Amino acid sequence: MAGMPFSPCGTTDGASSCSDASVGVLQAVFGPVIDSLAQGSDPETVTASSNVLASMFVQYNSGLMVLASLFVSYIAIVGVANTANEGEAMGKAWSTLWTPLRIVFGGGALLPASSGYSFIQIIVLTIGLWGIGFANGVFKSGVENGIVNGSLSSVSSQLGFGSGAKPNPNYPLYDIRQFGQAYLASSWCARSLNAIYGSLDQPAAVHALSTPDYKVDDGIGRQAATYLVKDRNAVTNLGGGTPICGSIKVYSFSTPAELVTTSTSTGSIFDPATITSNKAAMQAVRHAALNAKIVAMNKVMADIDAWVNTWPSDLTQTGWDTVNSDRFNTIINQAQNTLTQNLTSQMTNDTTLQQIMAKYVDDVTKDGWAMAGGFYQRLSGIRQEMGTMFAEPVAVATQPNLNMLPRDAAGQLALSSYQTVYQAIISKSLDGSSYKQPVTPNAADIKAALAPSSLDDLNIDTLGSRGDSIMSNFIGWGMERVTATLIGTDGDVDAIARIKTTGDVLALMQASAVATNRIVHTALSGAKAVAAGVGSVSFFGTSIDATPLADTLLEWVIYNFLTPLVEVASWVGVLAFYFGVFLPSLPYSIFIIAVVGWVLGVLQSVVAAPLWALMHMTPERSFVGSQTQGYLMLLSLFARPVLIVFGLFAAMAIANPILLYISKAFWAMHAANVTSAESLGWFVEFFQWRNWLIMYGLLLLPVIYMIFGLSQTLPDVVLKWIGVGIDSMGSTQATGEMRSYTEKYGPSRLGGGGQKVGADKPDGIQRDGSTGNAPSGPRGGGGGPSSAPMLLSSGQQGVTPSGGADEGPSGFGGGSPSFETSSKPNGRDSNANNDKPIII
């Protein structure tokens, strides 16, 4: 605004617009006169009919003008009487200098304007706008030089912003191993079928075409191309034309219209001039990440095909002793490392992406001081969006289904070759020297441990041990990540950011638990369907009905793993809300109440100012006289916004060391109490840890209220020190009421809602088939005696069948092949099939 010392509108705002949120609130309350004052135009161009309050103030100010005329008449009459009585102008009690000036000032301030407001009200609104501009300058300085150069730079580097960018460890990077396992199955299936049936003068042509079988739009800017791995020979027609060896779905992504690619010589994959918003910047990050994933996927498929082509064609062939299962780990590790390096290099070197934080600062500050409390919510939104980008799949492979093969010797050989070799490669690769434990647990890992590859592979003892191990790893990962986040060892130096990240980790745990329940239940239900078709399986060397065996297995897994997992997911969901939404929202909620109190204070000042001007017309021995309170009211109006911002930033500075101290002290006490305890089951261990986390959360609640209440208490206390009588119009009381209700209906449920919360199961978690009693389940399994010889016996990484090459698999003679996967934790044997579309 022209001539305004503290403009509330930024220099980038247009001549007829102002992006400041508090200015918008005042405009909605007081009408277009706010726009005129903020933009520096003449407020006399605004009419009173444009706003309801302005129309009411016309009558209000007219009534005060009548009182002012009575005041002037009274002063004139009494002044003449005092002059005649005391022989001194205006009398001895009234100043001949200040009394006329006070009358002129008060009367002039009460003069109405065409906008409906009096001049003193326009002065009040102008001072209020100055206070907005003053607070905006302090806020932007704090964001640029305080938060961004301090805690935000550390957090942003984990999100992929700035020169120290890296993928966030609390979010799973796209797991190439899941895709690689499923693609390995399709590749081996196609090779073995073509070789087996080709040797019988039945030249099957099982492969995928170079062009997709069909394409579909899968969200905005994303297209899914599906390649079916099926028999293309109409004569052999294995599987009746169905994708007998699975399918490959590859996603392609169109470049957003606002992102114009440039030459590589510019140092940026996108034209920096097109990055005009955070949305465009995030699209640039997403597109770069997707391109890196596509490159990695293509290399994985090419390397797996080349490796599979070096294998013998079926189990009856020689040469399996040269097949090293650890080669699969090497292929996956190379692709995963290349993907991570490409992402990190892109984030670090691309000039456009390095400018995102500067754009983020502009977006945070453009709405003004009233939006300062939303900093954490905006940062959280970017964190979640980056997590989605890192985990978004670019390809999904489905595994083969050989049940459609002819029931002849060739079909049995193909089925046995596929199942035995594939399971051996996947199982033994987990014991390979190149195998790397996943950073983030996923549902596919747990499914591999809880769902056997077939009923012939059933061993309850091994299944129980493997399940307990993988579930302990899953729960242990969650507890370790939460504790590391709270005490700041993962790099998040900002207190509220650590609390919000804790909620994000807990939400990830809940999502993994829900997905695990679904995928395990689906896999075991599929096993039941297969059992109904097979009819019988070999168990302890005896052929038994497969359907009751599958039912018992499903009940056993539900009782021992899925039902406890349901309760874990229920509690984790509540804790995720408390740490991810409730606690991080308190600073913003308290700040919002302070802003609302300021708005009501502006309204109070606009109403009170004419009355103060009226009383300013009374005679005094000085110009200010007894109207000091009115001047202090104007000072409060100017200073309260900047004091609110100071309170917020002071709270941020205080919260970091205080909450870090509380976290370290509390979790050190927790460690001292549980370190000496004997090893517990994963279910009991989780509930002990849950109780400590609830206690920690309840301890944080009053501390956060005390610290972030500075945005209200600091203005109130400082202004009280200088004797300013205007208060925040009930904002402090409103905060107290908010606290009482949130403690009543929010956090208190953490301490006493165990069974009630557990009763409301998360969406998608089913308990069908559970009888409420632990099923006895079959005993033994793969570990029991069997008349069939071991198929795989050469070395830890070899895939050599026992016996000579001419001996063939024992299953051909009527016996079922006996195969038991490794009991190593975190075993993987299938693709996650995470094909949920990501809407751009």
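Note that my numbering has the sequence shown beginning at 5, numbered continuously upward. Every residue gets a Cβ at the ideal spot worked out from N, C-alpha and C, and that includes glycine. Computed from a prediction, not measured in an experiment: that's the story for all the values here.
Query                                                                                                                                                                   : Result
Can Asp-330 and Ser-433 be called in contact, C-beta distance under 8 Å?                                                                                                : yes
Who are the near neighbours of Met-513 in its chain, counting only those whose CB is closer than 6 Å to its CB and skipping five residues on each side?                 : Gly-482 and Val-576
Between the alpha carbons of Thr-51 and Gly-112, how many angstroms are there, rounded?                                                                                 : 20 Å
Three-state secondary structure (DSSP) at Lys-96?                                                                                                                       : coil
Quick one: what's got a C-beta closer than 7 Å to Ala-377's C-beta in the same chain, skipping five residues either side?                                               : Ala is not the amino acid found at residue 377; the sequence shown has Gly there. Same-chain partners within the cutoff: Pro-591, Tyr-592, Phe-595, Ile-596 and Leu-652.
State the Cα-Cα distance for the pair Ala-293 and Trp-311, rounded to the nearest angstrom.                                                                             : 27 Å
Return the bridge partner residues of Leu-232 from the DSSP annotation.                                                                                                 : Ser-251
Quick check: Met-621 and Ile-81, are their CB atoms within less than 8 Å of each other?                                                                                 : no
Please determine if the region 608 to 620 and the region 81 to 93 are in contact, where contact requires at least 3 C-beta pairs separated by less than 8 Å.            : no
For Lys-219, write down the residues that DSSP places opposite it in a beta bridge.                                                                                     : Ala-229
Have a look at Ser-118 and Glu-48 and give me their C-alpha separation to the nearest angstrom.                                                                         : 6 Å
Strictly under 8 Å for the Cβ-Cβ distance: is Val-561 near chain B by that measure?                                                                                     : This model lacks chain B altogether; it includes just one protein chain.
Within 10 angstroms of its Cβ, does Thr-240 collect 16 or more other Cβ (buried), or is it exposed?                                                                     : buried
Restricting to Cα atoms, I'd like to know which of Ile-248, Asp-39 and Arg-236 is closest to Thr-130.                                                                   : Asp-39
Can you tell which of Ser-420, Trp-671 and Leu-705 has its C-alpha closest to the C-alpha of Ile-500?                                                                   : Leu-705
Which of the three DSSP states, helix, strand or coil, is assigned to Phe-10?                                                                                           : coil
Short check: CB of Gly-713 to CB of Tyr-582, under 8 Å?                                                                                                                 : no
By the three-class DSSP mapping on this structure, what secondary structure does Ala-209 have?                                                                          : coil
Cα-Cα, which of Ser-11, Trp-725 and Phe-34 is closest to Asp-24?                                                                                                        : Ser-11
Exposed or buried, Glu-571, counting other C-beta atoms within 10 Å across all chains shown (16 or more means buried)?                                                  : buried
In terms of alpha-carbon separation, which member of Asp-221, Leu-566 and Phe-257 lies closest to Gln-287?                                                              : Phe-257
In or out: Val-304 buried (at least 16 other Cβ within 10 Å) or exposed?                                                                                                : buried
Between which two residues does the beta strand (DSSP E) harbouring Val-400 extend?                                                                                     : 399 to 402
Secondary structure at Ser-122, three-state DSSP: helix, strand or coil?                                                                                                : strand
When burial is assigned at 16 or more other CB atoms within 10 Å of the CB, is Thr-424 buried or exposed?                                                               : buried
Can you tell me the Cα-Cα spacing of Arg-484 and Val-37, whole angstroms?                                                                                               : In the sequence as presented, Arg is not what sits at residue 484; that position holds Glu. C-alpha separation (whole angstroms): 57 Å.
Do you know offhand how far Gly-415's Cα is from Ala-199's?                                                                                                             : 12 Å
Tell me, which residues are paired with Phe-257 by DSSP?                                                                                                                : Arg-226
Under 8 Å between the Cβ atoms of Ser-715 and Ile-648?                                                                                                                  : yes
Have a look at Leu-409 and Leu-242 and give me their C-alpha separation to the nearest angstrom.                                                                        : 6 Å
Using DSSP with H/G/I as helix, E/B as strand and the rest coil, what is Pro-36?                                                                                        : coil
Anyone know if the C-beta pair for Thr-238 and Pro-404 falls short of 8 Å?                                                                                              : In the sequence on display, residue 238 carries Ala and not Thr. Not a contact, by the Cβ cut-off of 8 Å.
Give the DSSP-derived three-state secondary structure of Pro-116 in the structure shown.                                                                                : strand
Report the residue ranges of all beta strand (DSSP E) runs contained in full by the region 391 to 436; include only those spanning at least 3 residues, in chain order. : 399 to 402
Can you grab the Cα-Cα spacing for the pair Trp-315 / Leu-417, in whole Å?                                                                                              : 16 Å
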